[in-house]
Amino acid sequence: MMPDVPATIARAAEASFSILNDVSPWVVISLVIAGLLHSVLTPEKFQRHLGNRKMSSLVKATLSGMLLPICSCGVIPLGLGMYYSGAYLGPTLAFMTATPIINPAAVLLAYGLLGPKIATIYLVSGFLIPFIIGLTANVMAGREIHTPGADNQDTVPALDEPADVGLHRKLLAGLEWGFQDLGVMTGKYIVFGIILAGVIIAVVPPQHIQRYLGDPGMISVLGIAVLGAVMYVCAVGHIPLIAALVASGAAPGVAITFLMTGAATNLPELVSIYKLIGKRAVAIYAGMLTGLSIVVGFFTNWLLTPGFVPFFNLDEGRRIVGAANWLILAVPKPIQYATSCVVVLLCLYALRPTLRKFIPVEGTEH
Numbered sequence: 001m002m003p004d005v006p007a008t009i010a011r012a013a014e015a016s017f018s019i020l021n022d023v024s025p026w027v028v029i030s031l032v033i034a035g036l037l038h039s040v041l042t043p044e045k046f047q048r049h050l051g052n053r054k055m056s057s058l059v060k061a062t063l064s065g066m067l068l069p070i071c072s073c074g075v076i077p078l079g080l081g082m083y084y085s086g087a088y089l090g091p092t093l094a095f096m097t098a099t100p101i102i103n104p105a106a107v108l109l110a111y112g113l114l115g116p117k118i119a120t121i122y123l124v125s126g127f128l129i130p131f132i133i134g135l136t137a138n139v140m141a142g143r144e145i146h147t148p149g150a151d152n153q154d155t156v157p158a159l160d161e162p163a164d165v166g167l168h169r170k171l172l173a174g175l176e177w178g179f180q181d182l183g184v185m186t187g188k189y190i191v192f193g194i195i196l197a198g199v200i201i202a203v204v205p206p207q208h209i210q211r212y213l214g215d216p217g218m219i220s221v222l223g224i225a226v227l228g229a230v231m232y233v234c235a236v237g238h239i240p241l242i243a244a245l246v247a248s249g250a251a252p253g254v255a256i257t258f259l260m261t262g263a264a265t266n267l268p269e270l271v272s273i274y275k276l277i278g279k280r281a282v283a284i285y286a287g288m289l290t291g292l293s294i295v296v297g298f299f300t301n302w303l304l305t306p307g308f309v310p311f312f313n314l315d316e317g318r319r320i321v322g323a324a325n326w327l328i329l330a331v332p333k334p335i336q337y338a339t340s341c342v343v344v345l346l347c348l349y350a351l352r353p354t355l356r357k358f359i360p361v362e363g364t365e366h
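Residues in the sequence shown are numbered consecutively from 1, following full-length UniProt numbering.
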């Protein structure tokens with residue numbers, strides 16, 4: 001039976017638009033934070049705190065990431081802003097791993113819906129996995145992976161330290177850097193990755209993925225780790241789904257592996273790291289994260305099975321979900337649409353040299 005191409009294209013467009021609306025507020029927030037940090041912290045300060053291989057730098061980066069409720073797409077500008085401002089590769093990747101994997105709201109939901117055993121493994125893994133990835137990046141390579149400006153001066157943000165001006169002008173200059181330099185640099189890769197993710201969702205609908213996840217005999221921990229690595233998954237939003245799958249009989253290791261790889265990796269992030277930091281960086285990030293998530297999955301199954309009884313306490317779950325809602329920022333639809341327009345405009349602005357080749361300009365034809 002031939003696939004319905006128009007219907008598939010429509011599903012891909014709908015999925016891409018949905019993902020764009022979900023992640024754009026966090027991308028814009030990340031650009032604002034990165035710009036403000038750039039205006040306050042000079043490259044020298046970044047290098048002093050995070051531009052080294054010290055264990056303390058990895059701990060700072062990991063713990064900071066664990067406290068921020070930003071998704072894996074939203075963390076792209078913030079993480080790359082840190083890197084191009086002088087942070088070493090290890091702390092950068094540790095921060096970019098920890099931020100989407102875990103946050104206070106996700107921990108509360110995990111304890112309420114998955115139970116203390118799985119939630120404790122989730123919390124400990126949420127610190128150890130980013131820390132180990134950062135440690136590996138420090139050992140294998142540093143800023144020499146991709147020196148800003150070495151390949152193309154037009155694709156990296158300028159790092160000129162602002163003159164001694166007032167705080168107001170510094171903040172405005174930081175926001176200008178965040179959007180005009182960093183936003184333009186990352187926007188096209190984020191949008192490109194979102195489109196690829198939408199195509200994958202259209203070809204492999206979420207209903208099929210949920211059915212396979214709910215039947216641990218049909219897919220292994222290895223397979224679910226690879227699947228999670230290319231999908232867009234929000235940690236907070238997917239914990240209820242994972243809890244339902246575990247309650248339906250899915251192995252706890254399969255669920256936690258999917259949460260780890262799905263939350264911390266997706267195509268927009270992988271494309272951005274590949275293009276803006278380097279091949280080795282994305283290999284360390286994706287390879288280590290997938291491998292460590294598989295180890296955590298097997299360890300969880302070994303520790304909790306056989307004899308695992310899914311945690312289900314309706315009253316406790318409602319109480320914890322109510323507490324977690326206070327920590328979750330619900331973005332209104334109009335703001336989602338407005339920030340989506342911002343991200344798309346940044347992408348189009350970055351693509352303007354390419355677009356000029358296909359759009360004739362008056363006076364250039366002979």
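C-beta atoms are modelled at their ideal positions from N, C-alpha and C, and glycine is treated no differently.
C-alpha distance - I129 paired with L292, whole-angstrom precision: C-alpha separation (whole angstroms): 7 Å.
Thinking just about the alpha-carbon of each residue, which of L172, T62 and A283 is nearest to the one in L36? Checked all of L172, T62 and A283; the closest Cα to L36 is L172.
Range covered by the alpha helix (DSSP H) that runs through P69: Segment: none, P69 is in no alpha helix (DSSP H) and carries neither H nor E.
What does the Cβ neighbour count give for M185, buried or exposed, with the cut at 16 atoms within 10 Å? Counting Cβ neighbours within 10 Å, M185 comes out buried, since at least 16 surround it.
Cβ-Cβ distance between S39 and G174 below 8 Å: Contact flag set, yes.
What is the DSSP secondary structure of K333, counted as helix, strand or coil? Correct three-state label for K333: helix.
Counted within 10 angstroms of its Cβ, other Cβ atoms place F131 as buried (16 or more) or exposed: In summary, F131 is buried, with 16 or more beta-carbon neighbours lying within 10 Å of its beta-carbon over all protein chains present.
Stretch pair the stretch 85 to 105 + the stretch 247 to 267: three plus CB contacts closer than 8 Å: Yes, they touch.
Counting beta carbon pairs with one atom in the stretch 271 to 284 and one in the stretch 65 to 85, are three or more of them shorter than 8 Å? Because the criterion of three Cβ pairs below 8 Å is met, the stretch 65 to 85 and the stretch 271 to 284 touch.
Expressed to the nearest angstrom, what Euclidean distance is found between the alpha-carbon atoms of P252 and W177? Each residue's alpha carbon lies about 44 Å from the other.
N301, enclosing alpha helix (DSSP H) - first and last residue: Segment K279 to L304, the alpha helix (DSSP H) holding N301.
Just to confirm, are N21 and Y349 a CB contact at a threshold of 8 Å? The Cβ-Cβ distance between N21 and Y349 does not fall below 8 Å.
Can you look up L355 in the DSSP assignment and give me helix, strand or coil? In the structure shown, L355 adopts helical secondary structure according to DSSP, grouped into three states.
Should P116 be labelled buried (16 or more other beta-carbon atoms within 10 Å of its own) or exposed? The residue in question, P116, is exposed, as its Cβ has fewer than 16 Cβ neighbours within 10 Å.
C-alpha gap between T354 and L227, whole angstroms: Between the alpha carbons of T354 and L227 lies a distance of about 33 Å.
Please work out which residues of its chain come closer than 6 Å, Cβ to Cβ, to A243, disregarding the five sequence neighbours upstream and downstream, and give them in chain order. L113 and L114.
Along the alpha helix (DSSP H) that carries R53, what are the first and last residues, could you check? Note, R53: premise wrong, no alpha helix (DSSP H); not H, not E.
To the nearest angstrom, report how far apart M1 and V32 are at their CA atoms. Bear in mind that the predicted position of M1 carries a pLDDT of just 47, short of 50, making it too unreliable to give a figure here.
Would you kindly work out how many angstroms separate the C-alpha atoms of I190 and S16, rounded to a whole number? Using only the alpha carbons, I get a separation of about 11 Å.
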